[in-house]
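What follows is a single structure, written as structure tokens, with notes after it.
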Amino acid sequence: MKVRSGLKTLDQILGDGFEKTHNIAIVGGIDNDHVLLLHQLVMSFLSQGHKVLLIEFRQDVNSLLKWLKSYRIDYDKYVESGMLKILDGFSNLYSPTHVTGANVLPNPMDLSITTAIIRDSVVKEEYDFVVIDDLTSLYTLQTDQKAYIRIVVRLANSIKRFGASTLASLNSDVLSPQDLSMLLIPFEYVLETKNENIIIRRSFLPLKVNQTVIPYIRTNKGIIPSQDAFKSIDKVRESLVLDNTGALMMGGVRVQIIEEYSESALIEFIYQFLGPEEGKEFLYRWGKYEMMNVPIDSELMSYSKEEAIKKVLDDSFEFTKATGGGLMKLIDISEDRIVIEGKNLFPGLRNFPYPAHLNYVGALTKLIEKLTGEIWEGDEIECESQGHSRCLFVIKRLSQGSIKRNLQSSKK
1 MKVRSGLKTL
11 DQILGDGFEK
21 THNIAIVGGI
31 DNDHVLLLHQ
41 LVMSFLSQGH
51 KVLLIEFRQD
61 VNSLLKWLKS
71 YRIDYDKYVE
81 SGMLKILDGF
91 SNLYSPTHVT
101 GANVLPNPMD
111 LSITTAIIRD
121 SVVKEEYDFV
131 VIDDLTSLYT
141 LQTDQKAYIR
151 IVVRLANSIK
161 RFGASTLASL
171 NSDVLSPQDL
181 SMLLIPFEYV
191 LETKNENIII
201 RRSFLPLKVN
211 QTVIPYIRTN
221 KGIIPSQDAF
231 KSIDKVRESL
241 VLDNTGALMM
251 GGVRVQIIEE
261 YSESALIEFI
271 YQFLGPEEGK
281 EFLYRWGKYE
291 MMNVPIDSEL
301 MSYSKEEAIK
311 KVLDDSFEFT
321 KATGGGLMKL
331 IDISEDRIVI
341 EGKNLFPGLR
351 NFPYPAHLNY
361 VGALTKLIEK
371 LTGEIWEGDE
381 IECESQGHSR
391 CLFVIKRLSQ
401 GSIKRNLQSS
411 KK
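Residue numbers (full-length UniProt numbering): 1 to 412.
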């Protein structure tokens with residue numbers, strides 16, 4: 001059985017999510033992006049009907065809930081329904097007086113009592129996930145840190161024997177490499193948030209897409225993969241950061257602002273160097289190559305073929321517009337042919353003898369092939385650069401296939 005993370009790109013790479021009853025660790029640093037991602041996973045698991053026990057060591061529970069609501073993560077209804085129980089492991093770590101309450105750990109530093117309470121809750125209340133935020137809070141307070149690591153490893157393994165999974169966050173900034181490696185022993189999945197990238201360090205099963213790094217941006221809706229976020233100019237503008245090394249970052253991806261003249265010169269040179277026919281072939285296959293490792297949303301399996309193609313194309317058109325590539329729209333779609341119109345596409349050459357945007361049609365053709373499992377062939381039959389009033393792309397089907405069968409086979 002699979003459990004989804006709620007991040008489409010991550011779920012696609014993992015093959016529709018995590019394997020249930022397997023442990024997940026999220027490693028990060030001082031920015032706490034790993035903690036935010038942890039709670040996004042918790043919300044996703046809750047929304048799928050899983051019962052969660054959350055142990056909070058890192059901060060006061062009320063402060064945690066307030067912080068999460070600023071990212072639109074609201075646990076209230078799940079606490080009220082009994083699907084989520086939060087154990088306060090923070091108060092009696094730092095309070096000058098002893099704090100009592102039904103969901104307050106009496107002495108978090110007494111690891112034998114703390115782990116016994118957690119195990120007892122899992123057995124009696126049948127939780128699907130035990131979430132620990134975070135494992136390094138108690139680690140920093142231990143006089144014998146190696147003993148703490150052994151206890152954590154035993155706890156995670158024993159929870160798994162009871163049919164539940166452990167989901168935990170760790171701050172690698174306070175751990176030695178050796179201690180981090182030992183703490184991660186019982187986790188089948190290890191994700192790391194670093195420099196605005198989610199990095200898949202360990203996966204229980206082979207990845208379904210050859211991609212281990214997912215660039216993301218942190219928004220008021222939490223951690224969002226860059227490719228899902230850049231669908232408006234406002235999001236693109238918010239995400240651009242120039243660092244002191246001269247790198248311009250868009251989310252976790254390095255980009256460069258390219259003048260239209262520079263891109264035009266590249267296309268002109270390709271045709272001059274390779275000639276008309278090979279130049280066209282080069283641009284077309286360049287566009288297809290760029291889409292080689294782009295994952296396709298497995299949710300499209302429930303769509304009809306035409307609806308799925310429209311959805312993929314619409315997302316591409318939004319991204320093209322948001323990043324300054326021009327306007328594109330679907331003119332016609334049938335079983336065997338797709339017609340797309342482009343206006344003001346980048347770069348805009350004038351009085352050019354050859355089609356200048358074959359990389360666009362190559363990229364779109366590859367996306368359709370990845371979605372359908374069929375062979376398609378695209379061409380730019382009209383181009384503004386050649387004096388036409390628009391760019392016109394025609395993509396024709398050369399073989400038959402099935403979206404459902406293709407997406408299912410990609411998971412095997």
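Think of the CB as a built atom: it goes at the ideal place given N, C-alpha and C, for glycine as much as any other residue.
This one's a predicted model, so the numbers in the text were calculated from it and none came from an experiment.
Item	Value
Do you know offhand how far Ser181's Cα is from Ser172's?	10 angstroms
On the three-state DSSP scale, how would you describe Asp88?	strand
Can you name, in chain order, every residue of its own chain whose Cβ lies under 6 angstroms from the Cβ of Glu192, other than the five neighbours on each side?	Val27, Ile199, Arg201
Is the CB-CB distance between Tyr271 and Tyr354 below 7 angstroms?	yes
I need the straight-line Cα distance from Lys411 to Glu260, nearest angstrom please.	Here Lys411 scores only 47 on pLDDT, less than 50, and its place in the model should not be relied on; the value that follows carries that caveat. Whole-angstrom Cα-Cα distance: 41 angstroms.
For the putative contact between His50 and Val3, defined by C-beta atoms under 8 angstroms, what is the C-beta separation to the nearest angstrom?	7 angstroms
Note down, one range per segment and in chain order, each alpha helix (DSSP H) of at least 4 residues found wholly within the segment 164 to 239.	177 to 183, 226 to 229, 233 to 239
Taking the Cβ atom as the reference point for each residue, do Ile13 and Gln211 lie within a distance shorter than 7 angstroms?	yes
For the alpha helix (DSSP H) containing Lys124, name the first residue and the last one.	111 to 125
Below 7 angstroms between beta carbons: does that hold for Phe162 and Glu19?	no
Report the start-end ranges of each beta strand (DSSP E) in the segment 346 to 410 that is 3 residues or longer and not cut off at the edges.	376 to 382, 391 to 397
Between the segment 263 to 282 and the segment 106 to 124, do at least 3 Cβ pairs fall closer than 8 angstroms?	no
What residue range does the beta strand (DSSP E) around Val52 cover?	52 to 56
For the beta strand (DSSP E) containing Gly28, list its first residue and its last residue.	24 to 28
Arg4 by DSSP, collapsed to three states: which one?	coil
Leu358 and Lys288: beta carbons closer than 7 angstroms?	no
In angstroms, rounded to a whole number, what distance separates the CA positions of Lys160 and Lys311?	39 angstroms
Taking Asp134 and Ala168 to be in contact with their CB atoms under 8 angstroms, please state how far apart those CB atoms are, rounded to whole angstroms.	7 angstroms
Three or more C-beta pairs under 8 angstroms: does that hold for the segment 389 to 400 against the segment 363 to 376?	yes
What span of residues does the beta strand (DSSP E) with Arg161 cover, start to end?	No beta strand (DSSP E) contains Arg161, which is instead part of the alpha helix (DSSP H) from 145 to 161.
Under the three-state reduction of DSSP, which class applies to Arg72: helix, strand or coil?	coil
For Glu341, which three-state DSSP category applies?	strand
What would DSSP say about Glu260, mapped onto helix, strand or coil?	helix
So, using beta-carbon positions, are Val131 and Val61 closer together than 7 angstroms?	no
State the beta-bridge partners of Phe18 as determined by DSSP.	Val3
Going by DSSP in three states, Met250 sits in which element: helix, strand or coil?	strand
How long is the line joining the alpha carbons of Ile309 and Gly326, rounded to whole angstroms?	20 angstroms
Identify every residue that forms a DSSP beta bridge with Met328.	Gly342
Assign Val35 to one of three DSSP states: helix, strand, or coil.	helix
Taking the straight line between their C-alpha atoms, what separation do you get for Asp297 and Thr9?	7 angstroms
Tell me, please, whether the segment 150 to 160 touches the segment 57 to 76 by the rule of three or more beta-carbon pairs shorter than 8 angstroms.	no
With burial defined as no fewer than 16 other Cβ atoms inside 10 Å of the residue's Cβ, what is the status of Pro225: buried or exposed?	buried
For a cutoff of 7 angstroms on Cβ pairs, would you count Ile185 as touching chain B?	Looking for chain B here will not work: only one protein chain is present.
Does the beta carbon of Leu155 fall short of 6 angstroms from some heavy atom of the ligand HEM?	Within the structure as shown, the ligand HEM is missing, as the structure has no ligands at all.
Leu242 by DSSP, collapsed to three states: which one?	strand
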